[in-house]
């Protein structure tokens, strides 16, 4: 008993000492000032990076001009060091290919592709229909020594979307990673599809080989293609800077996929602009990153190419979400590339644990975050404070314990998740903003520790805001649609002049469709979306993604989708329940939750969940017309595999609305009865 009391007193005293020691350091040092953008045209409201206000960074000064030269640069820096590491099970250690080995393998694959009949030129498209893996990366890299253009294909675009890509690009060779995709490619082959060769990452069945033969398709394994290339090498045909480097299809929420044309010079400008701004260009510091993002998406693809430029090491996850944390832990990355969905899950898991520790634990947690953030704002990224030992070290160790940089992108972070993440990792943490059309990224935060800040233009971008009068946004007030002008902006959409003209105006400005606001420090915050909106019957515009982000903070909710209709005056939603918390809630309420809820239980639970959603909405400032009025539960989660999530874990709004169209009608009918 006495020992317990003494131990408790020691802990309390230690915490108080740490708090006052932190306070002392805080008082001695002023906070760092955020780097703000500089206005260069007051009439047009154009801004630039402060160091490049007179003239943007000159791409001609870069030491590389094409992605092929990036591969050569990595080879020069790190020939015998690991480039690609991978494993297929948690029971295995990561295996590696060195830079020298990768370069030889990609020449084998590229030579083999040419020997099957492909022309080594910048008019040849090569399809890759695969999940992210080391083989995907090898096939991707094999195109550039021969000036060919890789085209990423992914299932979340749906069957029609995949067929559209294959038809539009006229690909004659497609790499595929499993037999289901191989089978689909064979079945889809008709007179509109130019496909001649399928290269499978796994051994095909005799039945598939025969089916392919019947359709006039040559089916072989990747090993066989490499053997052909090894025995019949082809001299490289290096690309030129203005050649096409990638066709990156957007995972847009509506309509057919759009193929963004990204040239070598465009990619180089974007990559080096972002990399220089977030200080990862030091080749003496070996960077390690674990890639789990689709390589058919710019975030994943851009990351692996950038790390190759630095001579760093890229690890590939097993491809199983439930094993991702194990992969992080064992690979020990130094750079963590994150999307809000993962940081939200981490935060929710910690918050759930804190509930078990009572009020004292929650108060201590908030105190730890505030103390750590105060130090970080002063440039102190210490990871050995008492707060780290009792709160954050375990989190960092779960990611391998070596992380010194974190990049979050694809969507803004909520304020509480952003603050938690900065404190937990206690390192250089930036939020980047971009989209496929502006390639790797177009703004990033530097010394801006406010939640949701996506920073200033990169050294290769001009940025301006334009009026969106229908939403009452005006550039003179520092808020409007974000527009970019830069050599780092895409060239247009493949074979679609009309959509290209919609995206890029006559003056060369890319209209992003995102609404931004300048903060007092002249850093950018994303506050809304021009599209993906509903106009309710009373004339109010609502942005569903903003509302969904608020409601996702409810402990009852795993996923939520908000829906509106121009003929209705209110919003409704479908909700996937958080089963773990539902069980905890039911236990506290003395209720037994069964797999199939009784109608009475479901009605009660709907009201409880709806009340909690409205409570979260009020807490975070939603207007009354932004609050949903009715919900229905769904059992199937939104996933990339079922086509309801994009590769960056955003809802594919068109697909979700189509799937639940009848359910939304039913909800409104019940409301209006």
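Numbering (our numbering), first residue to last: 186 to 858.
Glycine included, C-beta positions come from ideal geometry on N, C-alpha and C.
query                                                                                                                                                                                           : result
The beta strand (DSSP E) with residue 818 in it runs from where to where?                                                                                                                       : 813-819
My output table needs one value for residue 770: the three-state DSSP class, helix, strand or coil.                                                                                             : helix
For the stretch 388-407 against the stretch 419-438, do three or more pairs of beta-carbon atoms, one drawn from each stretch, fall closer than 8 angstroms, so that the two count as touching? : no
Got a sec? Which residues, its chain only, sit under 6 angstroms from residue 547 by beta carbon, not counting five neighbours each side?                                                       : 539
If we count Cβ pairs, one from each stretch, closer than 8 angstroms, do we get three or more for the stretch 295-313 versus the stretch 398-416?                                               : yes
Can you find the residues in the same chain that come closer than 6 angstroms, C-beta to C-beta, to residue 840, ignoring five residues on each side of it along the sequence?                  : 828 and 829
In the DSSP assignment, what residue or residues form a beta bridge with residue 696?                                                                                                           : 668
Quick check: what's the CA-CA separation for residue 836 versus residue 265?                                                                                                                    : 42 angstroms
Any idea if residue 483 is buried or exposed, counting beta-carbon neighbours within 10 angstroms, 16 or more meaning buried?                                                                   : buried
Where do the ends of the alpha helix (DSSP H) carrying residue 614 lie?                                                                                                                         : No alpha helix (DSSP H) contains residue 614, which is instead part of the beta strand (DSSP E) from 613-618.
For residue 352 and residue 378, which I take to be in contact (beta-carbon distance under 8 angstroms), what is that distance rounded to the nearest angstrom?                                 : 6 angstroms
Taking only the alpha-carbon atoms, compute the straight-line gap between residue 825 and residue 771 and give it to the nearest angstrom.                                                      : 31 angstroms
Round the Cβ separation of residue 853 and residue 711 to the nearest angstrom and send it over; I've been treating them as touching at under 8 angstroms.                                      : Incorrect: roughly 30 angstroms between the Cβ atoms, too far for contact.
Can you tell me whether DSSP reads residue 192 as helix, strand or coil?                                                                                                                        : For residue 192, the predicted structure reports a pLDDT of 49, less than 50, and the residue's modelled location is therefore unreliable. The matter cannot be settled from this model.
Take residue 493 as the anchor and find which of 219, 249, 367 and 811 has the nearest alpha-carbon.                                                                                            : 249
Starting from residue 600, follow the alpha helix (DSSP H) in both directions and report where the run begins and ends.                                                                         : 600-610
Count the other CB atoms, across all protein chains shown, that sit within 10 Å of the CB of residue 649; report buried if there are 16 or more and exposed otherwise.                          : buried
Answer with buried or exposed for residue 246, where buried requires no fewer than 16 other C-beta atoms within 10 angstroms of its C-beta.                                                     : exposed
Would residue 856 be called buried (16 or more neighbouring beta carbons within 10 Å of its own) or exposed?                                                                                    : exposed
What separation, rounded to the nearest whole angstrom, lies between the Cα atoms of residue 363 and residue 386?                                                                               : 7 angstroms
Pick helix, strand or coil for residue 325, following the three-state DSSP scheme.                                                                                                              : helix
Looking at the structure shown, is residue 268 part of a helix, part of a strand, or coil, going by DSSP?                                                                                       : strand
Quick check on residue 518: buried or exposed, where buried means 16 or more other Cβ atoms within 10 Å of its Cβ?                                                                              : buried
Helix or strand or just coil, what does DSSP make of residue 234?                                                                                                                               : coil
Excluding the 5 residues flanking residue 802 on each side, which residues of the same chain have their C-beta closer than 6 angstroms to its C-beta?                                           : 735 and 812
Between the Cα of residue 823 and those of 675, 447 and 760, spot the shortest distance and give me the residue it belongs to.                                                                  : 760
Helix, strand or coil for residue 726 per DSSP?                                                                                                                                                 : strand
Given a cut-off of 9 angstroms, decide if residue 454 and residue 672 are closer than it, judged by their beta-carbon atoms.                                                                    : yes
Can you give me the Cβ contacts of residue 766 inside the same chain, cut-off strictly under 8 angstroms, excluding the 5 residues immediately before and after it?                             : 537, 740 and 741
Who pairs with residue 649 in a beta bridge, going by DSSP?                                                                                                                                     : 231 and 668
What three-state label does DSSP hand residue 717 in the structure shown?                                                                                                                       : coil
Measure the Cβ-Cβ separation of residue 645 and residue 260 and say whether it is below 9 angstroms.                                                                                            : no
Starting from residue 517, trace the alpha helix (DSSP H) both ways and give me its first and last residue.                                                                                     : Run containing residue 517: none; DSSP gives neither H nor E here.
Work out the CA separation of residue 370 and residue 344 for me, nearest whole Å.                                                                                                              : 10 angstroms
Taking the Cβ atom as the reference point for each residue, do residue 699 and residue 658 lie within a distance shorter than 9 angstroms?                                                      : no
Using the C-alpha atoms, what's the distance from residue 682 back to residue 763?                                                                                                              : 45 angstroms
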